[in-house]
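Undergrad: In UniProt numbering, the protein residues as written are 1 to 259.
Let me begin by handing over the structure; questions about it come next.
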Ligand code: ADP
Ligand code: MG
């Protein structure tokens, strides 16, 4: 079964009908390997979407295509009204709107927490250093890590580093945040502090796509859960229905393995 579904704006008080991301018939190959097969997805402002599915199903590839960290070969991706083409102007415009957090934080190890956060605002947003530092401190406070501003990433725990990575993204004032398994590399006792930060972001109305296996997060924060397998969106639903009443055999199998 491969019932490709098409998101329509769900009835959720935090979700507007402003379309933020649209994927239309998106296909991607790595050489001969067909990694994304006709992906259709609409994401509205304020949505919190959790993407789950077996390892290798194309989750990372799909969200990396949204800010052109990977290039798709067929179909259309439109972010905040801007079509993602090879035009550098469009790619830059989209990257300004889309923040991304990865499993392995990707902080610059030779820069302090504060410097990590100031880099893009200074070089991309053309802020003055003092302005960028003020913005950085605001977001470091928001993720409750301001007191670590002058430390280097290696002096922080994994959970702290991930919160810095989130703050660093927020310094660019993105409209959309993409998370790719942000808690998978963390020791269990640090997962909660990162999830709490993500919950706060969601409560503030951030449009988010989160690849995660944290099903507690999916149940309480997501307004929509998307299940991918073998490069396709197999099923999507609001969380209660998704977990209580999965439709496809592949979704049932996946849920039986992780819950
Ligand atoms: P997921 O995030 O769901 O685990 P990925 O999007 O990382 O899946 O990968 C999907 C498939 O594409 C996997 O089979 C993976 O091995 C393959 N793949 C990922 N990146 C590359 C690459 N750069 N070159 C070739 N194959 C890749
Ligand atoms: Mg992945």
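For each residue, glycine too, the CB sits at the ideal point set by N, CA and C.
(1) Which residues mark the beginning and the end of the alpha helix (DSSP H) in which residue 196 is found?
(2) Kindly indicate which residue of 187, 165, 226 and 15 has the alpha-carbon position closest to the one of residue 246.
(3) Tell me, which residues are paired with residue 99 by DSSP?
(4) Count the CB pairs spanning the region 93–108 and the region 37–44 that are closer than 8 angstroms, and state whether there are at least three.
(5) Start and end of the alpha helix (DSSP H) containing residue 166?
(6) Just the residues with CB closer than 5 angstroms to a heavy atom of the ligand ADP, in chain order, which are they?
(7) Any idea if residue 128 is buried or exposed, counting beta-carbon neighbours within 10 angstroms, 16 or more meaning buried?
(8) Would you mind working out which of 179, 95 and 43 sits nearest residue 105, comparing C-alpha positions?
(9) Can we say the region 113–131 touches the region 186–196, given the rule of at least three CB pairs closer than 8 angstroms?
(10) Quick check on residue 94: buried or exposed, where buried means 16 or more other Cβ atoms within 10 Å of its Cβ?
(11) For a test of your reading of the model: does the CB of residue 180 fall under 7 angstroms from any non-hydrogen atom of the ligand MG? Yes or no.
(12) Grab the span of the beta strand (DSSP E) containing residue 209 for me, first residue to last.
(13) With DSSP as the reference, identify every bridge partner of residue 240, one or two as the case may be.
(14) Reducing DSSP to helix, strand and coil, say where residue 139 ends up.
(15) Answer yes or no: the CB of residue 211 versus the heavy atoms of the ligand MG, is any distance below 7 angstroms?
(16) Assign residue 72 to one of two classes, buried (16 or more other C-beta atoms within 10 Å of its C-beta) or exposed (fewer than that).
(17) Assign residue 134 to buried or exposed, taking buried as 16 or more other Cβ atoms, counted over all protein chains shown, within 10 Å of its Cβ.
(18) Does the count of Cβ pairs from the region 22–35 and the region 170–184 closer than 8 angstroms reach three?
(19) With distances taken from CA atoms, which of 31, 33 and 47 is nearest residue 14?
(20) How long is the line joining the alpha carbons of residue 255 and residue 150, rounded to whole angstroms?
(21) Please report how far the alpha carbon of residue 5 lies from the alpha carbon of residue 201, in whole angstroms.
(22) To the nearest angstrom, report how far apart residue 67 and residue 107 are at their CA atoms.
TA: Per the coordinate set shown:
(1) Counting from 1 along the chain shown, the entry for residue 196 is found at position 196. Residue 196 -> alpha helix (DSSP H) spans 188–203.
(2) Here the question's residue 246 lines up with position 246 in the chain shown. Residue 226 is the option with its Cα nearest to residue 246.
(3) Here residue 99 refers to the residue found at position 99 when the chain shown is read from its first residue. 177, per the DSSP bridge assignment.
(4) no
(5) What you label residue 166 is simply residue 166 of the chain shown in a count that begins at 1. Here the alpha helix (DSSP H) through residue 166 covers 158–170.
(6) 30, 35, 55, 56, 57, 58, 59, 60 and 61
(7) By one-based count along the chain shown, residue 128 stands at place 128. Looking at its Cβ environment, which holds fewer than 16 other Cβ atoms inside 10 Å, residue 128 is exposed.
(8) Within the chain shown, the letter at position 105 stands for residue 105. Considering only alpha carbons, the answer is 179.
(9) no
(10) The residue you call residue 94 lines up with position 94 of the chain shown. The residue in question, residue 94, is buried, as its Cβ has 16 or more Cβ neighbours within 10 Å.
(11) By 1-based counting over the chain shown, the position of residue 180 is 180. Correct: residue 180 has its Cβ closer than 7 angstroms to the ligand MG.
(12) The sequence position of residue 209 within the chain shown is 209, counting from 1. Taken as a continuous stretch (DSSP letters only), the beta strand (DSSP E) holding residue 209 covers 207–211.
(13) Here residue 240 refers to the residue found at position 240 when the chain shown is read from its first residue. Paired residues: none, contrary to the question.
(14) Counting from 1 along the chain shown, the entry for residue 139 is found at position 139. Helix at residue 139.
(15) Translated into the one-based positions of the chain shown, residue 211 becomes position 211. Checking every heavy atom of the ligand MG against the Cβ of residue 211, one is found closer than 7 angstroms.
(16) Numbered from its first residue, the chain shown carries residue 72 at position 72. Buried is the call here.
(17) Position 134 of the chain shown, counted from the start, is the residue given in the question as residue 134. Residue 134 comes out exposed.
(18) no
(19) Reading the chain shown from its first residue, position 14 is the one you call residue 14. It is 47 whose Cα lies nearest to the Cα of residue 14.
(20) The sequence position of residue 255 within the chain shown is 255, counting from 1. The sequence position of residue 150 within the chain shown is 150, counting from 1. Distance between the alpha carbons of residue 255 and residue 150 is about 43 angstroms.
(21) Here residue 5 refers to the residue found at position 5 of the chain shown. Here residue 201 refers to the residue found at position 201 of the chain shown. With a pLDDT of 47 at residue 5, under the threshold of 50, the modelled position of this residue cannot be trusted, and the question is left open.
(22) The sequence position of residue 67 within the chain shown is 67, counting from 1. The sequence position of residue 107 within the chain shown is 107, counting from 1. Near 18 angstroms, if we compare the C-alpha coordinates of residue 107 and residue 67.
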